[in-house]
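**Student:** There's a structure below that I have some questions on.
Number of protein chains: 2
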Amino acid sequence: MLTRKQQELYNFLLTQQDNFIHPPTLDEICLAMNLKSRGSLHKHIQGLVSAGLIEPLNRKQRGIRLTKQAIQMGKEKDDADGLPYVGAIAAGKPIEAITDIKYMKVPEQLKTDKPCYILQVKGDSMIDEGIFDGDWVVIEQRSVARNGEIVVALVEKSEATLKRIEQYPHETVLIPANKNMQPMHYKPNQVEIQGVLVGQMRSYLH
Amino acid sequence: MLTRKQQELYNFLLTQQDNFIHPPTLDEICLAMNLKSRGSLHKHIQGLVSAGLIEPLNRKQRGIRLTKQAIQMGKEKDDADGLPYVGAIAAGKPIEAITDIKYMKVPEQLKTDKPCYILQVKGDSMIDEGIFDGDWVVIEQRSVARNGEIVVALVEKSEATLKRIEQYPHETVLIPANKNMQPMHYKPNQVEIQGVLVGQMRSYLH
DNA sequence: TACAACAAGAACTAATAGAGAACAAATTAT
DNA sequence: ATAATTTGTTCTCTATTAGTTCTTGTTGTA
Chain Z
1 MLTRKQQELY NFLLTQQDNF IHPPTLDEIC LAMNLKSRGS LHKHIQGLVS AGLIEPLNRK
61 QRGIRLTKQA IQMGKEKDDA DGLPYVGAIA AGKPIEAITD IKYMKVPEQL KTDKPCYILQ
121 VKGDSMIDEG IFDGDWVVIE QRSVARNGEI VVALVEKSEA TLKRIEQYPH ETVLIPANKN
181 MQPMHYKPNQ VEIQGVLVGQ MRSYLH
Chain B
1001 MLTRKQQELY NFLLTQQDNF IHPPTLDEIC LAMNLKSRGS LHKHIQGLVS AGLIEPLNRK
1061 QRGIRLTKQA IQMGKEKDDA DGLPYVGAIA AGKPIEAITD IKYMKVPEQL KTDKPCYILQ
1121 VKGDSMIDEG IFDGDWVVIE QRSVARNGEI VVALVEKSEA TLKRIEQYPH ETVLIPANKN
1181 MQPMHYKPNQ VEIQGVLVGQ MRSYLH
């Protein structure tokens, strides 16, 4: 059974390991997890090693690897606990991360077999698509999209929005589904795709 | 036998444990259950431990875990993992029962603690409410509704529709959410309520 | 009345976590 | 090969978090 910080570290390694070309060093993990002391981190790593989730790294540099068992557990976890509900997305603002990440069980039909996460929609920019303020959307994590798909787009590395996308060689257009709003035109390198809409949910309670 | 408060705590842990990324602390449970004293809660936890429903937490922090037995009991009580997906509803036709009933896992947030079932929507009669053709709706099974709620209504014992309802002493009105359609007026005994809309889901795959 | 369930809060203690120093092995540069 | 640097390891000290144990008072019930 893992402690809170061990769990956090395990989650970090599960989700972030693809982002490193080489396995990360302790210092790199410290930086990413906002720690100031390698020594502290090392203790958590030892915890995961003895839990059988990290391969014993006998002084090997960049030797932090999850065991097969740990990776397997990570895949099963999505089925068991559902998808992480990570924040809210509003037109014109960066994604607002929520402090205590929750998990929602999501029907198979609303997700793909690739990594997905959930955002709550703020605002009415997709109202004509039947996506309302307060709805939850299931997003498949990827960085490319086909024209016509609805994507989470990061504009100028600062504003995140949910919009339909059209990409041309010299222009990327983000199209809101709201008669009162206009499509926005950008240069391709101004827009970064963070995921593609695969599902939507709404509660009518209270 | 459990006391009233122990039962309440057990229910809370069963339904809410997925919402915490880490197992909750006593203080977090207190907050959620509207208690002001850890000490009081602790005694209830001890009760559940000796009833065999919570793993003994020997001073472990965030160590509150239901036993396998407790989870098993919860599942049986909950009847199933998901809700029965029973058919499709289209304006103007009775509910079309599908032969092989399927089950869908549904997020806690989209259902109530009362019996619910799932229908697939056919047609555009609720399009202005953001409910599209092909969407799934979660319906709480009951036979009365408040004015303004969206209900599954059986008209003349033959046609089932999803509409907003307004009930007056001598008249029942079913209001579609589509500019191109008109509200329908009936005598109260012509309309039978089969359930109330509590959730909605849509897939954007393919 | 007597008893049990319950609530509140204070005091206490163990578990967990963090910083930093010192050191040693591994890696890279000279 | 040797030196310089990086990086994993171990340690001590300290702070924070969170479970446990009390005592006291209230409420509802047989």
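Protein chains in written order, with this note's numbering: chain Z, 1 to 206; chain B, 1001 to 1206.
We put the CB at the ideal spot given by N, CA and C, even for glycine.
Quick check: the Cα distance between residue 1119/B and residue 1085/B, rounded to an integer number of angstroms?
**Tutor:** Here residue 1119/B refers to the residue found at position 119 when the second sequence is read from its first residue. Here residue 1085/B refers to the residue found at position 85 when the second sequence is read from its first residue. Roughly 6 angstroms separates the two Cα atoms.
**Student:** Mind checking who residue 184/Z pairs with in its DSSP beta bridge?
**Tutor:** In the first sequence, counting from the first residue as 1, residue 184/Z sits at position 184. Answer is 174/Z, bridged to residue 184/Z.
**Student:** Based on the DSSP secondary-structure assignment, which residues constitute the bridge partners of residue 1153/B?
**Tutor:** Taking the second sequence and counting its residues from 1, one reaches residue 1153/B at position 153. Bridge partners of residue 1153/B: 1161/B, 1193/B.
**Student:** So residue 73/Z contacts chain B; which residues on that side make the cut at Cβ distance below 7 angstroms?
**Tutor:** As a position in the first sequence, residue 73/Z is number 73, starting the count at 1. By Cβ distance, chain B contributes nothing, its closest Cβ being about 15 angstroms from residue 73/Z, past 7 angstroms.
**Student:** Let me check understanding here. Comparing Cα to Cα, which of 1011/B, 1115/B, 1060/B, 1003/B lies closest to residue 1033/B?
**Tutor:** On the second sequence, residue 1033/B is found 33 positions in, with the first residue counted as 1. With distances taken between Cα atoms, residue 1033/B lies closest to 1011/B.
**Student:** Pair every Cβ in the stretch 1163-1174 of chain B with every Cβ in the stretch 1131-1151 of chain B, then say whether three or more of these pairs are closer than 8 angstroms.
**Tutor:** Yes: at least three Cβ pairs fall under 8 angstroms.
**Student:** CA-CA distance, residue 23/Z and residue 38/Z?
**Tutor:** Position 23 of the first sequence, counting from 1, holds the residue named residue 23/Z. Position 38 of the first sequence, counting from 1, holds the residue named residue 38/Z. Looking at the two C-alpha atoms, the distance is approximately 16 angstroms.
**Student:** On the three-pair Cβ rule with 8 angstroms, is the stretch 150-166 of chain Z touching the stretch 189-201 of chain Z?
**Tutor:** Contact holds: three or more Cβ-Cβ distances are below 8 angstroms.
**Student:** For residue 1019/B, which residues in chain Z fall below 8 angstroms Cβ to Cβ?
**Tutor:** Taking the first residue of the second sequence as 1, we reach residue 1019/B at position 19. Correct list: 102, 103.
**Student:** At the 9 angstroms Cβ level, is residue 135/Z part of the contact set with chain B, yes or no?
**Tutor:** Residue 135/Z sits at position 135 when you count from the first residue of the first sequence. Cβ-Cβ to chain B under 9 angstroms: yes for residue 135/Z.
**Student:** Would you report the Cα separation of residue 111/Z and residue 1187/B, rounded to the nearest angstrom?
**Tutor:** Counting from 1 along the first sequence, the entry for residue 111/Z is found at position 111. Counting from 1 along the second sequence, the entry for residue 1187/B is found at position 187. Residue 111/Z and residue 1187/B: Cα-Cα distance of roughly 43 angstroms.
**Student:** Mapping the DSSP letters down to three states, classify residue 4/Z as helix, strand or coil.
**Tutor:** Indexing the first sequence from 1 puts residue 4/Z at position 4. DSSP places residue 4/Z in helix when its eight states are reduced to three.
**Student:** Within the continuous alpha helix (DSSP H) that includes residue 1211/B, where are the two ends?
**Tutor:** Summary: the structure shown does not reach residue 1211/B, with chain B confined to residues 1001 through 1206, and so no result is reported for it.
**Student:** To the nearest whole angstrom, what separates the beta carbons of residue 200/Z and residue 131/Z, a pair I think is in contact under 8 angstroms?
**Tutor:** Numbered from 1 along the first sequence, position 200 holds the residue referred to as residue 200/Z. Numbered from 1 along the first sequence, position 131 holds the residue referred to as residue 131/Z. Going by Cβ atoms, the distance from residue 200/Z to residue 131/Z rounds to 6 angstroms, so yes, they are a contact pair.
**Student:** Taking only beta-carbon positions, decide if residue 117/Z is within less than 9 angstroms of chain B.
**Tutor:** Taking the first residue of the first sequence as 1, we reach residue 117/Z at position 117. By this cut-off, residue 117/Z is not an interface position.
**Student:** For residue 1126/B, which three-state DSSP category applies?
**Tutor:** Here residue 1126/B is taken as the residue at index 126 of the second sequence, counted from 1. The answer is coil: DSSP assigns residue 1126/B none of H, G, I, E or B.
**Student:** Restricting to Cα atoms, I'd like to know which of 138/Z, 175/Z, 184/Z is closest to residue 1204/B.
**Tutor:** The residue labelled residue 1204/B in the question sits at position 204 within the second sequence. Of the listed residues, the one whose Cα sits closest to residue 1204/B is 138/Z.
**Student:** In the DSSP assignment, find the alpha helix (DSSP H) that holds residue 45/Z and state where it starts and stops.
**Tutor:** On the first sequence, position 45 is the one that residue 45/Z refers to. Unbroken alpha helix (DSSP H) run through residue 45/Z: 38-50.
**Student:** Does the distance from the C-beta atom of residue 64/Z to that of residue 26/Z stay below 9 angstroms?
**Tutor:** In the first sequence, counting from the first residue as 1, residue 64/Z sits at position 64. In the first sequence, counting from the first residue as 1, residue 26/Z sits at position 26. Against a cut-off of 9 angstroms, the Cβ pair of residue 26/Z and residue 64/Z comes out as a contact.
**Student:** Can you name the residues that DSSP bridges to residue 1203/B?
**Tutor:** If you number the second sequence from 1, residue 1203/B lands on position 203. Partner(s): 199/Z.
**Student:** What's the C-alpha gap between residue 1041/B and residue 1028/B?
**Tutor:** Along the second sequence, read from residue 1 onward, the residue named residue 1041/B stands at position 41. Along the second sequence, read from residue 1 onward, the residue named residue 1028/B stands at position 28. Residue 1041/B and residue 1028/B: Cα-Cα distance of roughly 11 angstroms.
**Student:** Return the residues of the stretch 190-205 of chain Z that lie within a Cβ-Cβ distance of less than 7 angstroms from chain B, sorted by chain order.
**Tutor:** So the list reads 197, 198, 199, 200, 201, 202, 203, 204, 205, given in the order they occur along the chain.
**Student:** Count the other CB atoms within 10 Å of the CB of residue 1292/B; is the residue buried (16 or more) or exposed (fewer)?
**Tutor:** Outside the shown range of chain B (1001 to 1206) lies residue 1292/B, about which nothing can therefore be said.
**Student:** Check the Cβ of residue 1182/B against every Cβ in chain Z and list those closer than 7 angstroms, keeping chain order.
**Tutor:** Start at 1 with the first residue of the second sequence, and residue 1182/B comes out as number 182. The contacting residues do not exist; residue 1182/B stays about 22 angstroms from chain Z at best.
**Student:** Of all Cβ atoms in chain B, is any one closer than 9 angstroms to the Cβ of residue 47/Z?
**Tutor:** Counting from 1 along the first sequence, the entry for residue 47/Z is found at position 47. No, no contact with chain B.
**Student:** Compute the distance between the beta-carbons of residue 1017/B and residue 1066/B, then report whether it is under 9 angstroms.
**Tutor:** Against the second sequence, residue 1017/B aligns to sequence position 17. Against the second sequence, residue 1066/B aligns to sequence position 66. Yes.
**Student:** Buried or exposed: residue 1006/B, going by 16 or more other Cβ atoms within 10 Å of its Cβ?
**Tutor:** The count along the second sequence starts at 1 and reaches residue 1006/B at position 6. Under this definition residue 1006/B is a buried residue.
**Student:** Based on the DSSP output, what are the partners of residue 1108/B in its beta bridges?
**Tutor:** By one-based count along the second sequence, residue 1108/B stands at place 108. Per DSSP, none; premise fails for residue 1108/B.
**Student:** CA-CA distance, residue 1001/B and residue 1051/B?
**Tutor:** On the second sequence, position 1 is the one that residue 1001/B refers to. On the second sequence, position 51 is the one that residue 1051/B refers to. Going from the Cα of residue 1001/B to the Cα of residue 1051/B covers about 8 angstroms.
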